[in-house]
Structure formats: C-alpha cells, structure tokens
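A short worksheet on the structure shown next.
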Amino acid sequence: MLAILDTAVVSGLRGELVRVEVDVAPGLPGCQIVGLPDASLSEARERVRSAIRNAGFAYPLSRITVNLAPADRRKHGAAYDVAIAVGILLASEQIRASGGPWALLGELSLDGGVMPVTGVLPMVATLRDAGHRRVCVPMRNREEASLVADVEVVGAEGLDDVARLVAGPRGRLAATARRRAPIRVSGDQPAPTGAADRISPGDQGRGLSGDAGSWTELADVRGQQHARWALEVALAGRHNLLLLGSPGAGKTLLARATPGLLPPLTESEARDVAIIRSVAGLEQAAGDRLSRPFLAPHHTTSYAALVGGGPALRPGLVTQAHHGILFLDELAEFDRDVLDALRQPLEDGSVEIARAHGAVRYPARLQLIAAMNPCRCGWYGDPVRACRCPVREPQRYMRRVSGPLLDRIDLRVVMPRLDATELVGAAHPEPSASVAARIRQAWERALARGGGRPNGLLRGRRLLEACALDETARATLAEVAEGLELTARSVHRVMRVARTIADLRDLGAVGSTEILAAASLRDHSLETGPAA
Amino acid sequence: MIGRTPTGEREAWVGLASTPGVGDVTFERLLATWGDAPTALEAVANMSPARADEELAGTLGLRRRTGLAAAIRVAAADPGRPERAMLALGGWVLTPLDSAWPVSLHDLEEPPPVIFGLGSPASLVVPRLVAVVGTRHPTGLGRSLATRVGARLAQAGVTVVSGLAVGIDGAAHLAALEAGGESVAVVGGGLDEPGPAMHRRLARQLTAHGSVISEQPPGIRPTAGTFPRRNRIVSALARATIVVEAPARSGALITARHALEQGRLLLVAPGRPLDPTVAGNLALLRESPARPLVGLDEMLADLGLDDQVPGPRAPGTVLSGATALRTLAGPEHAVAQALSLGPQTVDGLVHASGQPPGVVAAALTLLQLRGWAKVLGALQLPAGPLLDTPARAPRAAGGAADGRGGSGQRRMAS
C-alpha cells in the first residue's frame, strides 16, 4: 500500500513543503529512501526501524520505498523521521488514518521518542500556508510552533502518540502498540537532544537578554559619566560604538548594561527574531519574546560561526543579532577575516552565504558594540601606568581593525581607568530604567521621522533632511570639519550622531551644540595617530 | 663651515674622526701620537697592510681591532667624503677647529671630535638651552608633563634639547615647536636617517626650527652603544637637564649622570613612591644633588629664567590665559577653567565643571577648535593660552608628578 504525508524542510529562513511517499510492497525485505537524501538522511532508515519496533509496532518484512518530493531538492536532517515512520505504519496497515489530515515534524530516537528539531517555526508557517490546519511537532518544540497563528499544534512525546493522533479515536492500532521501556544503565535522565539544545556561541548572550538579573544595572556602574553618555547616544540612534580603554576601565561592564536599556522589539521584529532563533536551534522563551538579542561571542569565534554556514546553511551570529546587539569584546583579538565579514551586515543589514549547493541571504541588521584595549599590554595612553609595548606597537595594534570596519563605527569613546576614590566616592549614578526611558523616546522620535530608519542608518540626502541644519549650525559644522581635519565620511558620522543627540534633547533641528558634542565622540588617536 | 686652520688639516680631521671604529678615545690617541690629523692619516696609510692592526694597537696602546687600520687607510684616500655626504644632505659639519663649535662641549671629558648637523648650527650656541629627557614608554601624565615643560620652556625663550626618541623626547620636542620655540635633537646614528622612522616628520620640523645633530657621519646606523654616548652631548649642550619620567634602567638616567658630572643643574620630576615608572626619578632625588621639579614657575626660577622675558606665544594665540578665559561664558568657561588646572579625563572635567557629559563634550570640541585643548589617549590637555593661566584658586597640593604649583606655594617656599 502507499501512504502519503506532508512535512517540511528549512531553506534559509523559509520553510519548504516536502511530501513523503511510503510504499510497502511484497519483495525482498529492505528500505530504500529516494529523492536526493544526503548522508544524514540515510541514517533515518536505521532510526525509523528501531523506533517502530520499540514503540510497540512491527517493522514490516517487505520492500519499503520512501520518496521525498520534490525530488530535485537535496534533503538534509532528521525532521522527516516521524513522517517516514508513520508512513510505514500506514502503508503496512498497522494503523488507519481516520484522524483527518496532519502534517508531521520530528526526529526519532531508537526507543520511539520524538526529539526536537530546528526551524520548527518557519516549517509550521509553511505548512499552514500550504493549507494545513493541524501540525504535530515534538513536545519540546510545541511552544515555539504555537507562535504560528491559525494552526492547531500538538506536541508528541513518542511515536505511539503520533500514531494515536493520526489514527484518531476510531482508528485501529495494532494490539501490541505499547512503547517498550528501555533498560537505563545510567539512570533516568532525559536523553540528550539534537540541535535544538546544542550550545552555540550565541548562547552566551541568551542568558543576558533572557534573565533580568544578568545584565548590568547602570546604577551600579561608578563614574564613567562620559562613556555612559556615549552608550546612551549609541543606543538611542543605533550607532555602532567602539569603547577604547585600559583593562579595568569597565568597558565590558558598561556594554553589558545594554540589554536593560534597549527598547523592546516590535511585533514584526519579534517574529523575525523568533524565526531566526528557531532555525538557529536556539530556545524560544515566551517571557523574553520582545527583548532584543544581545550576543557576546568570544574572540576565538570562527568566520562560519559569525556569518553562518555549515551543510544546512545555518544562520550565524550576525543573523542571530538581527534587530539587536552584537557585542565584540577585545575587538582587535578577533581574526581579521572574521572582522571583515562584519562589513556587509553593517552596510546592507544582511549577509549572504554562498556554498556550492546553494546560497541564502539572511537578515543581519545588527548594532555593533565593540570594546578593545588601546594596545597589546593595554596601558597606552593611561595617565599613570606606562605602556610596555614595543615602539609603534600601539599603532600596529589599532591597525588590526581595518579602516573600512572603523568607518562603519560612528561613535568612539576612550574610557580612562578609574582610580579608587572615583570608584568609592562617586555620586548616585542614574539607574538603567530612566536612561532606557530617554533612549526609547529618542528612538521613537528618530523612527517616526526616518520612516522606521534609525539615525545610525541615515545616509546621503536622508541625513541632510533629517538634520535640518540652519545657517549657524552649518557654519559650525564647516568649522569643525576644517579645524579637526575631518574626512567627508567623518563629517557624516558627526551629523548622524548630532541628530541623535538632538533627539535625546527633543530638538527638531540639529544645532551647533549638538554638532560640537558629536564631534568629541570620535577617537582622535584613530584618525591622526599620537604625535610623539 | 669655515675653519681658521688650513683646509687640508680640517678635511683630514673630519675624515679621520668619521672613520668607522674611530671614536673620541681613538681619535684622541691618534692625534696625541702623530700631532695632527693629516700626519696620522698618512702614517697609518703607510703601515704594512699585513701587520697594520697590530702595529696601530701597539702604537696607540689600545686593544687590537681588526680592520681599523684598513678603515683609516680608506679614509686617508678620500678624507673629504664624509663632509661632502653631509653637505649633500643639506647639512653641515663642525669640528673644534671651527669658531662655531659650541663651547659647552668643552666641558666633556671625551668631547666628540666632530659633529654633523642639519638645520641651524647657531641653535647649539644660544645661551638658553635646556635638556628634557625621559623614557620611551611614558605614562599619559608623563607625556603630558613633557609637553607642558617643553611648551613652557619654549615660551620662556629656551631651546629644548633632547634625543628625538619616541616618548618623552618626542613630546618635549614637539611641544617646544608647537609653542613657537626652537629645539635641538641629538641622535645616535647618521643624519641620512635621523631618529626613529616615526619621527621623520618631527626631524624635518626640527631642521627648520632648530637643528638635528649627531657625532656619527651619514650612513652609520645607531647601535646600542651610540645611544648612551649621544646622551653626554645632550647634557653638555644644555645648561640644565630635566628628567620627566624614568624607570630604573632608563637612558635618561645616563643623561642625568652626565649632567651632574658636567656640573649642570639637574631637575627631576618627583613621582609617587614605589611607582616603577618613576623609579629612576625617585632614585635621583634620593641619591643625587638633583632638585625636585615641583611646578613650571618654580622650574623657571630654578633655571634662573623667571625674569618674565616674554617668549614666543604659540602660533595663532595672542591671548594670555586670563584673557582667554574671559572670552568664554557659561559651560565653556567652566570647562576651560577646569582644564586650565591641568590635564584631566573627560569625567574629571564633568566632575570639576559640574556640567553634564554632553555639554562638556561640546565645550571640549570648541576648545580643541580654538587650539586651547588637545587630546592624548584618555586625557584632555590644556593648550595654547590655557597653558599659562596661573591657577588663581587655592588648590591642595597634589597630582604628584604633574602638580602645577600655584603661586601661593612659591611664596611659602621663599
């Protein structure tokens, strides 16, 4: 008999419908999977056989042919397991489909359990768009799948659950269909799961955005008035920010205050983020749906981890930071290739991964916050400690961050190390909540004016119109440009930042004061180099 | 340069003194043995090549050095070559035979037999020459102190002498030039490539406003030996030496020792006790008759220069500090006032001026545009007229190395 079921696959961030056809016919016992499966799918055969037997069904001693359509697309991964297994049960007449149409997703374990898979969100959305109203997903993916509207989602723990669902109340199950308990030598811990629980570098940041206790509360940051202000400006206008300073200046501490300062995601942004998390195999937590991603990868992060890739063309960290923040601590310690890979996302808000077997373009509209020491030993320019680097090493260290990347960083601020008196004696610093409120207002002002485009992305004529410089302000800008020997690019940087400072002050037009203040947020040593 | 002696003798003198391997000691012995340079050249050139090195060592009473006699023979063939090379670079050569030879170098026990130079030879003989020296790896405050000392000296009409090294040397040279003064650099190698590569531009500026000199002929690269030796010239040229920041084994300590041996005044910036970046300063203050550098006014007084001779003002500034402050109002005034007390971080200025960071930032850009503030790493430095604003407000003595002694302090001392 022939059984036909619907399931889905993820390609890029979109799901694609896959039809599973299972034929059980007399002949030499065996199972053949056709339809461009890759190596990981040939293993499905073995998993399915064991899962069927251990779920209490019989594996038919017949010739089994599984076709995955469309046949011209390479199939990858384990999300078809459940559909193949149920197909075999239907085709071998161990169950009869009377529960109405279901779409099935999930990986099987040998004991017949259904394991979570990545990309459930876009897959379920695709199945819905293809007309499915009921989808059965692994129990651990249920919450994520239920983010898709207009579709009934049921979570299954084991193959027997799925069989019961497909068979419906009036359907017939083989009498012996009872899941056999495995012998557990190592105790009763839940089995390790697949990609959905795999630790990716991005997880470092997840705890931060997810757990309110783990980001820095600004009220606890002593001193650093100037850097705090710079961070506020950066977040209000979505300007990329570089914090330069000696070890112990508090760069990382300050950057980690970011999650508590960002305005929440909009509904459509939250949807984008949820889909990316799903495909990247990150957990969806209902509580922090609207908090912006904040990723802090270690400087040993590889190119592929940052950009994305692998056989399944998974989204990388730049995509996981879409609508959020990518925080690169010790910027100069990252591989040059890795840093240069940031140029496309910072410029276009997207990243393209091209491989021999296909190319995808992932969104990557991230805001970069970077921190670095001014030199290898970290003390160059410190008021009281001498830099022990070889002569010219500080300049060389700076050059490790390429010019094109620096050009895309609007704000640079030098953070001095605090001395003990400042750490103990500083006045009560402003708490995160009130800074966040200002940021949110400025942000909304900017988005309303820019048609959804934050100040950090203003270019060309849009920038000129947004700034609405009057005669005096224009003269100031010209004087600043000439006096400080700014390049055309730097002038635009100053204008963008000035626009945000004006937004924070609720001003319609950018004035001279804002331009002067913005001009101070360049790092001078990057442009001219210290003279002696 | 024009010599009073026969050109033949001067040419031979320069040729012999420029010979690789002939330092001041060997030169002295050669001259003592043969009476004058032409005779010495001729005598060595006539030695049998096979045994010349031994013979020369025996005659001079020095250790045998392979190739020395051969090098002198080459020099004898064309003694005018080094000077021609120097002239080709647009420079000049001075020997003690010349009237323009700086008399201050006679205080050296082993004076250099010849000096090669770029720029103005007159800059070596002005009465007001002061050396500013220190480490190649300064702290931010050390660098800023060098800048302020250099600028103040230049404003008092002093020519700043130093070694063109990166760090304190470079900061002092640059500050003197930027304040409109002159500066002299003594380098360890030949003047075809003066000083470290990153100071080539500074070297050109010094050539235009002062001079760059060396005891090595063009083409000689500096070695570990030539740097300490040039330090004795730095201290000898100057009437006083100021040590800004020197760790325990700094070359600046060699200059300081030479200064004391030559009977020059030595001023040393005190630093925080136990701080390794100023261990050399502290040792000098404890173990030598050096005077502490407590403030810029006191520095001029110690140098005997507090006669208020108006020095050149920084290019573009015609204002005194007080007048400059009066041109500002509101937040800019508060920030400028705070900055005139000394180098500060932006946070320090936020604190001192009572203005929010955004306002301080705008004020700082304004001051930078006027040339009244400069940025150095995390520090904002006062510049232009803000440098010579006397701190009127009574202020607790502090800031160790860079404390700007108020006038009150001085009255107490006298």
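For the protein sequence lines, the chains are S and Y, in the order given.
Residues in the first sequence are numbered from 1 upward in steps of one, following this note's numbering.
Residues in the second sequence are numbered from 533 upward in steps of one, following this note's numbering.
Think of the CB as a built atom: it goes at the ideal place given N, C-alpha and C, for glycine as much as any other residue.
In the structure shown, Val233 of chain S falls within a helical segment according to DSSP collapsed to helix, strand and coil. Beta-bridge pairing by DSSP links Asn67 of chain S to S:Glu21 and S:Val34. Taking every protein chain shown into account, the CB of Gln748 of chain Y has 16 or more other CB atoms within 10 angstroms, so this residue is buried. With respect to the 8 Å criterion, Ala442 of chain S and Leu504 of chain S are classified as neighbours on the basis of their beta carbons. Classified as buried, Asn141 of chain S has 16 or more neighbouring CB atoms from the shown chains inside 10 Å of its CB. In the structure shown, the three-state DSSP call for Tyr80 of chain S is coil.
The C-alpha of Val360 of chain S lies about 41 Å from the C-alpha of Leu469 of chain S. DSSP links Glu16 of chain S through a beta bridge to S:Val9. In the DSSP assignment, Ile774 of chain Y is bridged to Y:Val664 and Y:Leu799.
Here Glu93 of chain S carries a coil assignment [DSSP, helix/strand/coil]. DSSP places Tyr362 of chain S outside any alpha helix (DSSP H); the residue lies instead in the beta strand (DSSP E), whose first and last residues are Gly358 to Pro363. In summary, the residues of the region 889-901 of chain Y whose CB is separated from some CB of chain S by less than 9 Å are Pro889, Gly890, Val891, Val892, Ala893, Ala894, Ala895, Leu896, Thr897, Leu898, Gln900 and Leu901, in the order they occur in the chain. Close to chain S, meaning a Cβ-Cβ distance shorter than 9 Å, are the following residues of the region 666-689 of chain Y: Thr667, Arg668, His669, Pro670, Thr671, Gly672, Leu673, Gly674, Arg675, Ser676, Ala678 and Thr679. Listed as beta-bridge partners of Phe327 of chain S by DSSP are S:Ile369. Beta-bridge partners of Val744 of chain Y (DSSP): Y:Leu650 and Y:Ala717.
Shown here, Ala895 of chain Y sits in a helix according to DSSP, grouped into three states. In the DSSP assignment, Ala156 of chain S falls within the unbroken beta strand (DSSP E) covering Glu152 to Ala156. Secondary structure at Glu819 of chain Y: helix, using DSSP grouped into helix, strand and coil. With its beta carbon at least 8 Å from every one in chain Y, Pro247 of chain S lies outside the interface. Gly310 of chain S and Val279 of chain S have their C-alpha atoms spaced approximately 13 Å apart.
By the rule that beta-carbons nearer than 8 Å mark a contact, Thr877 of chain Y touches chain S. Contact between Ala167 of chain S and Cys136 of chain S is ruled out by a C-beta separation of about 12 Å, above the 8 Å threshold. Beyond the five residues adjoining it in sequence on each side, Ala784 of chain Y comes within less than 6 Å, by CB distance, of Val665, Gly666, Val775 and Ala778 in the same chain, given in chain order.
With a 10 Å radius around the Cβ and a threshold of 16 neighbouring Cβ atoms, Val185 of chain S comes out exposed. Given a length threshold of 4 residues, each whole run of the alpha helix (DSSP H) inside the region 546-611 of chain Y is given here in chain order: 556-566, 569-577, 584-592 and 600-609. For Ser636 of chain Y, no beta strand (DSSP E) run applies, since DSSP gives it neither H nor E.
Rounded to the nearest whole angstrom, the CA to CA distance from Glu269 of chain S to Thr487 of chain S is 35 Å.
Close to chain Y, meaning a Cβ-Cβ distance shorter than 9 Å, is no residue of the region 443-454 of chain S at all. In this structure, the CA atom of Gly87 of chain S is about 56 Å from the CA atom of Asp407 of chain S.
Boundaries cannot be given for Glu642 of chain Y, as no beta strand (DSSP E) includes it and DSSP labels it neither H nor E. Within the region 795-828 of chain Y, the residues whose Cβ lies closer than 7 Å to some Cβ of chain S are Thr809, listed in chain order. For Gln320 of chain S, the closest Cβ of chain Y is not nearer than 8 Å. What Ala234 of chain S touches in chain Y, judged by beta-carbon distance under 9 Å, is nothing: the nearest beta carbon there is about 13 Å away. When C-alpha distances from Asp38 of chain S are compared across S:Asn455, S:Ser11, S:Val22 and S:Ala78, the shortest belongs to S:Ala78. The DSSP-derived three-state label of Trp443 of chain S is helix. The Cβ-Cβ distance between Val66 of chain S and Val10 of chain S does not fall below 8 Å.
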